[in-house]
Amino acid sequence: VRSRPPPTPADPPPSMPPQPSPPPSVFDETAVIDVTVELFDNFGDGWDNLRLMLSTLPGAAIERSFSLAAGPSSARETFSLALGCYQLQMHLDGVLLIGASVATSEA
Numbered sequence: 001v002r003s004r005p006p007p008t009p010a011d012p013p014p015s016m017p018p019q020p021s022p023p024p025s026v027f028d029e030t031a032v033i034d035v036t037v038e039l040f041d042n043f044g045d046g047w048d049n050l051r052l053m054l055s056t057l058p059g060a061a062i063e064r065s066f067s068l069a070a071g072p073s074s075a076r077e078t079f080s081l082a083l084g085c086y087q088l089q090m091h092l093d094g095v096l097l098i099g100a101s102v103a104t105s106e107a
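Just so you know, the UniProt record's numbering puts 62 at position 62 of the sequence shown, and the rest follows in order with no gaps.
Written as structure tokens, this is what we have:
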């Protein structure tokens, strides 16, 4: 009867998994996203003092403000925003009509 050789010991597991150097960063403070706003008017009378206003938080300073003057049927503006959360509001003669929060990241 032949005997089997003794089993060889397995390599011990590493005490800690390897770590990248430097550690990766998920947030890049310099990252931006390009946003295009298109405004349309079917009647040629502009938006009758209606304005879209974009800010970072309720009550914060306005980042961008858009409107459509009488005459043109459409307008387009492209700009860059830092990644983050923004609020888009629609105002008529300074009165808030509707507001929505939008995010430029998956946060």
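Glycine is no exception: its CB is placed at the ideal position from the N, C-alpha and C atoms.
{"query": "Among Ala69, Leu57, Thr78, whose alpha-carbon lies nearest the alpha-carbon of Leu89?", "result": "Note that residue 89 corresponds to Gln in the displayed sequence, not to Leu. Taking only the C-alpha atoms, the option nearest Gln89 is Leu57."}
{"query": "Closer than 7 angstroms by C-beta to Phe66: which residues in its own chain qualify, once you throw out the five before and the five after it? Chain order, please.", "result": "Val37, Leu39, Arg51, Leu52, Glu77"}
{"query": "Please list the segments of the beta strand (DSSP E) lying wholly inside the region 15-66, counting only runs of 3 or more residues, in order along the chain.", "result": "32-40, 50-55, 62-66"}
{"query": "Got a sec, what are the start and stop residues for the beta strand (DSSP E) Arg76 sits in?", "result": "74-82"}
{"query": "Could you compute how far the alpha carbon of Gly84 sits from the alpha carbon of Val35?", "result": "13 angstroms"}
{"query": "Leu92 and Asn49: beta carbons closer than 8 angstroms?", "result": "yes"}
{"query": "Quick one: using the 10 Å Cβ neighbour count with 16 as the cut-off for buried, is Ala107 buried or exposed?", "result": "Low confidence applies here, because Ala107 scores a pLDDT of 46, under 50, leaving its location unreliable; read the following figure in that light. Burial call: exposed."}
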